[in-house]
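Just below is one structure, and these are the notes that go with it.
Protein chains: 2
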Amino acid sequence: MARTKQYKEEDVIQKAMNLFWRNGYEATSVRMLEKEMGINQFSIYSSFGNKHGVFVESIKAYKSELNSIRNILKNSNNGILGIKQFFYNFLEFTKDNEQGKGCLVCNTVSELGNKAEPDLMVELMKFTEELRSLFVNNLKQDKLRTEDLVEREANYLTTSMLGLSLGSRIQNETELEDYIEMIFNKM
Amino acid sequence: MARTKQYKEEDVIQKAMNLFWRNGYEATSVRMLEKEMGINQFSIYSSFGNKHGVFVESIKAYKSELNSIRNILKNSNNGILGIKQFFYNFLEFTKDNEQGKGCLVCNTVSELGNKAEPDLMVELMKFTEELRSLFVNNLKQDKLRTEDLVEREANYLTTSMLGLSLGSRIQNETELEDYIEMIFNKM
DNA sequence: AATTAAACTAAGCGTTTGCTTAGAAAATAA
DNA sequence: TTATTTTCTAAGCAAACGCTTAGTTTAATT
Numbered sequence: 001m002a003r004t005k006q007y008k009e010e011d012v013i014q015k016a017m018n019l020f021w022r023n024g025y026e027a028t029s030v031r032m033l034e035k036e037m038g039i040n041q042f043s044i045y046s047s048f049g050n051k052h053g054v055f056v057e058s059i060k061a062y063k064s065e066l067n068s069i070r071n072i073l074k075n076s077n078n079g080i081l082g083i084k085q086f087f088y089n090f091l092e093f094t095k096d097n098e099q100g101k102g103c104l105v106c107n108t109v110s111e112l113g114n115k116a117e118p119d120l121m122v123e124l125m126k127f128t129e130e131l132r133s134l135f136v137n138n139l140k141q142d143k144l145r146t147e148d149l150v151e152r153e154a155n156y157l158t159t160s161m162l163g164l165s166l167g168s169r170i171q172n173e174t175e176l177e178d179y180i181e182m183i184f185n186k187m
Numbered sequence: 188m189a190r191t192k193q194y195k196e197e198d199v200i201q202k203a204m205n206l207f208w209r210n211g212y213e214a215t216s217v218r219m220l221e222k223e224m225g226i227n228q229f230s231i232y233s234s235f236g237n238k239h240g241v242f243v244e245s246i247k248a249y250k251s252e253l254n255s256i257r258n259i260l261k262n263s264n265n266g267i268l269g270i271k272q273f274f275y276n277f278l279e280f281t282k283d284n285e286q287g288k289g290c291l292v293c294n295t296v297s298e299l300g301n302k303a304e305p306d307l308m309v310e311l312m313k314f315t316e317e318l319r320s321l322f323v324n325n326l327k328q329d330k331l332r333t334e335d336l337v338e339r340e341a342n343y344l345t346t347s348m349l350g351l352s353l354g355s356r357i358q359n360e361t362e363l364e365d366y367i368e369m370i371f372n373k374m
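These protein sequences, in sequence, are chains A and B. In this text, residue positions in the first sequence follow the working numbering: the first is 1, and each later residue adds one. In this text, residue positions in the second sequence follow the working numbering: the first is 188, and each later residue adds one.
Structure follows, in structure tokens:
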């Protein structure tokens, strides 16, 4: 017995996510969100509570958007090669127009650091840990690797992803290709 | 025949730099700068023009602060080992209290991306290029390396520094040590 | 057709932002 | 001492910030 919503939450969050991805959290104002999401501030606040709530949902949407390439890694059974392919897929995934946008999670960690609110921090950390565990799984597919080596290589690859994220935003294709090739050389 | 300044520009910029380093550009307000620098807004604006001016000077101060470990790299003649030592020195350099602050230049690139003002962007790019050329110099000390390999390895190391910068802010010592050791294992 | 409850619009709330300015204080030169 | 010039204090500017709310519109239920 009431009026129906003129938007779907998942649709407007998708648009919010892209804005946050390009601009970062602080540099994205609620007025900008209004325009990009195509709904009034009232609707934003009634659906998501506050700006922070919009952001947390955006992070979740980002994760499921990344699932396309994460599943490729998950379903691969060619060890280190699958991880290398993931690095290249990520580069394609992050591409905007010529320049990359980086990883939204990495960008957020860099911007907010440890002053991110606890519920957000949980989402960010889960993301990193899930990715690392995918690396571990693929590394273990090579039976010659000791468990200790797998752990150390997983640490290496996780930090390397941070470099790729930031690199994608400021470096050219040659530099990024040299980077990835060198990472997986001799592994 | 006039009143004398009660502060030295280089002293207050040092304090401003540390604030920007911990908080980032946007999250550092002029009121915060006032308190940290210990001078009134009038003095800030008469000495540096605007907030952006304070930041540009802070970046320059950061670079000369980094000179301590950059000179060690510059004066080293043990090739790849000198670069590895630089990575460890950087980690020590960036340490705040337990957690690292990352590289101010990398943090800034991540926050502002390509919407940084031109004069600031010049400073940021010069920093990266200068560092890369130090890597090239040390790599060339090994006469067995071809010029092409040196270029590719320099690209690899530059992007790896970005990873180290972000990693220093969110990862523990074991993860970071694994990262650095693995980088130089391959070279 | 009347009722009702949620979704909409748009104006405006108090704060904070970067920055300015009028007037007082200080230090040198005459 | 007096005049001059710069620095300092502190109040205040317009604009933008995140967020709220009064009043209207819409759609399902009676």
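Heads up, the beta-carbon is just placed ideally off N, CA and C, and yes, glycines get one too.
Asked, Found
"State the CB to CB distance for the pair L363/B and L278/B, rounded to an integer number of angstroms; the pair is presumed to be in contact (CB under 8 Å).", "6 Å"
"Using CA coordinates, which residue listed in I170/A, K140/A, Q141/A and I59/A is at the minimum distance from G100/A?", "I170/A"
"Do you know how far the Cα of N372/B is from the Cα of K186/A?", "9 Å"
"For chain A, is any of its Cβ atoms less than 7 Å away from the one on T346/B?", "yes"
"Using a C-beta to C-beta distance shorter than 9 Å, which residues of chain B count as neighbours of N155/A?", "Q358, T361, E362, L363, E364, D365, Y366 and M369"
"With C-beta atoms as the reference, is G163/A less than 7 Å away from T346/B?", "yes"
"If you measure from the beta carbon of V296/B to each beta carbon in chain A, is any gap under 7 Å?", "yes"
"For the segment 80 to 97 of chain A, enumerate the residues whose C-beta is nearer than 8 Å to any C-beta of chain B, in chain order.", "none"
"Apart from the five residues on each side of it in sequence, which residues of its chain come closer than 8 Å, Cβ to Cβ, to E34/A?", "N40, Q41 and I44"
"Cβ of R152/A less than 7 Å from any chain B Cβ?", "yes"
"Please decide whether K186/A counts as near chain B, where near means a Cβ-Cβ distance under 7 Å.", "yes"
"Is Y179/A near Y343/B, with beta carbons less than 7 Å apart?", "yes"
"Which residue wins for smallest C-alpha separation from C103/A, given the options M161/A, R152/A and V12/A?", "M161/A"
"I'd like to know whether the C-beta of G113/A is nearer than 7 Å to at least one C-beta of chain B.", "yes"
"Can you name, in chain order, every residue of its own chain whose Cβ lies under 8 Å from the Cβ of L166/A, other than the five neighbours on each side?", "G102, C106 and S110"
"On the three-pair Cβ rule with 8 Å, is the segment 8 to 23 of chain A touching the segment 50 to 58 of chain A?", "yes"
"For a minimum of 3 consecutive residues, which ranges assigned as the beta strand (DSSP E) are wholly contained in the segment 159 to 183 of chain A?", "none"
"If you follow the alpha helix (DSSP H) that D142/A is in, where does it begin and where does it stop?", "Element bounds for D142/A: n/a, residue is neither H nor E."
"Suppose the cutoff is 7 Å on Cβ atoms and the five residues either side in sequence are ignored; what does the same chain contact list for F48/A look like?", "V54 and E57"
"In the DSSP assignment, what are the bridge partners of K95/A?", "G100/A"
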